[in-house]
Structure formats: structure tokens, C-alpha cells
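*Asks:* Residue numbers (my numbering): 4 to 285.
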Ligand SMILES: NC(=O)c1ccc[n+]([C@@H]2O[C@H](COP(=O)([O-])OP(=O)(O)OC[C@H]3O[C@@H](n4cnc5c(N)ncnc54)[C@H](O)[C@@H]3O)[C@@H](O)[C@H]2O)c1
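1) Can you tell me the Cα-Cα spacing of residue 150 and residue 276, whole angstroms?
2) Identify, in the order they occur along the chain, each residue of the same chain with its Cβ nearer than 6 angstroms to the Cβ of residue 61, setting aside the five sequence neighbours on each side.
3) Just the C-alpha distance for residue 68 and residue 147, rounded to the nearest angstrom, thanks.
4) Can you have a look at residue 162 and say buried or exposed, based on whether 16 or more other CB atoms are within 10 angstroms of its CB?
5) Expressed to the nearest angstrom, what Euclidean distance is found between the alpha-carbon atoms of residue 4 and residue 184?
6) Under 8 angstroms, do residue 273 and residue 265 count as touching if we go by C-beta distance?
7) What does residue 259 pair with, by DSSP beta-bridge criteria?
8) Note down the Cα distance separating residue 126 from residue 132, rounded to an integer number of angstroms.
9) Quick check: the Cα distance between residue 9 and residue 279, rounded to an integer number of angstroms?
10) So is the beta-carbon of residue 76 under 7 angstroms away from any non-hydrogen atom of ligand 1?
11) Who does residue 370 pair with in a DSSP beta bridge?
12) For the alpha helix (DSSP H) containing residue 45, name the first residue and the last one.
13) Using CA atoms only, rank isn't needed, just tell me which of 244, 136, 262 is closest to residue 232.
14) Can you tell me the Cα-Cα spacing of residue 20 and residue 242, whole angstroms?
15) What would DSSP say about residue 70, mapped onto helix, strand or coil?
16) Measuring only the C-alpha atoms, how far is residue 28 from residue 98?
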């Protein structure tokens, strides 16, 4: 965990301090990765944060503005009881971020259990959480109510052997579109963020060294025209932007945070010759 830079000072976090003063955010999946970086950014920006995660360890440096609620988000009753606890502890809820994922991926070999787990954790859990928080979000101050779901490039791009995971990410994008209607009427904005490859504990299982993933032949350079994988704080910054009043008219949007991945076609990142081009172009 220590190799992950959750306290990056590279971004504009100095200038956003205080923008969530007095607000409360729930970050599901906030114990690790993108969710954890999002907790940190919300705290930096003045919010109090409730972390819902299977992992109940509160290792947020004894910050009194964070509470961790052990929650299995794939269980409706568990979501509801943890939301009630947040209301008892903090009195209100302004924002929901759903960063939970079951990464298990199967294709032709998927069992009923594989499909059910993927759908319950990745999709139904988001639905349970939206249902549980909506009565509280609609009581929060106007313009300070939002929902953000974590989708993925896997929602829109074909990837080998990722049926069960990719299909759930596509379903989340669809959920955002449908939810704009009911939530919009309550002036709650709902959006998603779809990251490409981000340097997280899950990605590090396949590529333990960042130098390897960002090498000339690694996914950093071959899949991203910006030449590297993303950092968790870069995704967190986009999530918190969508929660902020600066995004007050953004509703039903999927924000791609992908370092150019989403723009690539079959030609990839490499220069290619075509009729009309000259070698000197390259
Ligand atoms: N890492 C990437 O490159 C990447 C790329 C695209 C999309 N995403 C998406 O971003 C989100 C975060 O990914 P990450 O890599 O930071 O993940 P992560 O594994 O670091 O964090 C996920 C957290 O969710 C928690 N969790 C898992 N199942 C749960 C459940 N049933 N109830 C409550 N908590 C549960 C885990 O304990 C963990 O703390 C996911 O939705 C993922 O699909 C990640």
C-alpha cells in the first residue's frame, strides 16, 4: 500500500480547499485505490467523509472527519443500516461515490455464481446505495447534492476475457442515464467517471513495478497516448470536480479519465505511414 501515492501534492488541491465545507460524502470502496484517493481529496476540500467498505480498518491518520462503516454494498439491508448510521453520526449526506468493484472476470467459462457476484457487487450495490441515500440527498442544501459511479474503459471497449466485469461497467453507464430522470427531479446530479488503466493495488497484481507498466512495451505507453497509466489522485480530482458546484449543470455525463486511451483506434499510439504523409512528419 505504501507505494501508492495517496497524498500527492501535484494537483490543484490547494485551490479547492474549503469548497465542500459543511458537506458530507459517502465513498463506497473508500478503503483502497481510487476510492481512498477520493476520500483524501474530499477531506482536503473540506468535506466530512463516510467510508463504506468490506475492509473496516480506519487508517486515515485518526482524522476526526472520517468514519469507516463496515458494509457489504451488495447487501441492500447493509447499505440501508450504514446510511442510517451516517445520518446519526453526521446528520446529513450531500454526495455519494460508488467505487466498489468485484474484478473477477470470466467469459465463456462464467458460472451462474460469477455472473451473480459481478452483478450484485458492481451494479445492484450501486442501485441499493442510490436508493438508500436519495431521501437524504434531497434534504441537503441545493446545488450540493451529487452521485458519481465508477465505470471503466471496459464499458465501451472490447477486452479479452472480461465479459462479466465489462458488462457490469456498461450497465452502470446505463444506470446513470436512467437515474438522471428521478434524481434530476430532486435536483441531485448523477454522473460517472470511466478511468483507463490506473496505478492501483488491483493493477499492481499484474504489474508490480510502475516502471514495468510504463515501459515502452507496457500498457502505459501502448494504450495511452499520454505515455503512462493514470494515478489515483487524478481520478479522484475528476470525481470531486463532478461533485462540486463548478459542475452544477453536468448531469448524466460519463467523464473519461484515460490519458488518451478512449481516443485510440486500431492504429494505436504509434506513428504510421499513409498516402500523403512524408517520413519527415515523424
Ligand atoms: N484500477 C483501475 O485501473 C480501474 C480502471 C477502470 C475502472 N476502475 C474502477 O474504479 C473503481 C475503483 O477501482 P480500484 O482499482 O481503486 O479498486 P480497489 O480494489 O483498490 O478498491 C475497491 C474497494 O472496494 C471494496 N469492496 C469490494 N467489494 C465490496 C463490497 N461488496 N462492499 C463494500 N466494499 C467492497 C474493497 O474492499 C476495496 O477497498 C472500481 O469501480 C473499478 O472498477 C478501476
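No residue lacks a Cβ here, since even glycine has one placed at the ideal position from N, Cα and C.
*Replies:* According to the structure data:
1) Spanning the alpha carbons of residue 150 and residue 276 requires a straight line of approximately 45 angstroms.
2) Residues 71 of the same chain have their beta carbon placed closer than 6 angstroms to that of residue 61, with the five preceding and five following residues left out of the count.
3) One C-alpha to the other measures close to 18 angstroms.
4) Burial call: exposed.
5) Residue placement at residue 4 is poorly supported in this model, since its pLDDT is 40, which falls under 50; the coordinates still yield a value, given next. Annotation: residue 4 to residue 184 spans about 39 angstroms, alpha carbon to alpha carbon.
6) Residue 265 sits away from residue 273, with the two beta carbons spaced by 8 angstroms or more.
7) Residue pairing by DSSP places residue 259 opposite 197 in a beta bridge.
8) Distance between the alpha carbons of residue 126 and residue 132 is about 10 angstroms.
9) Using only the alpha carbons, I get a separation of about 47 angstroms.
10) Yes, the beta carbon of residue 76 sits closer than 7 angstroms to at least one heavy atom of ligand 1.
11) There is no way to answer for residue 370, as the model of the chain reaches only from 4 to 285.
12) First-last of the alpha helix (DSSP H) with residue 45: 36-47.
13) Out of 244, 136, 262, 262 has the C-alpha closest to the C-alpha of residue 232.
14) C-alpha separation (whole angstroms): 15 angstroms.
15) Looking at residue 70 - three-state DSSP - the assignment turns out to be strand.
16) Going from the Cα of residue 28 to the Cα of residue 98 covers about 4 angstroms.
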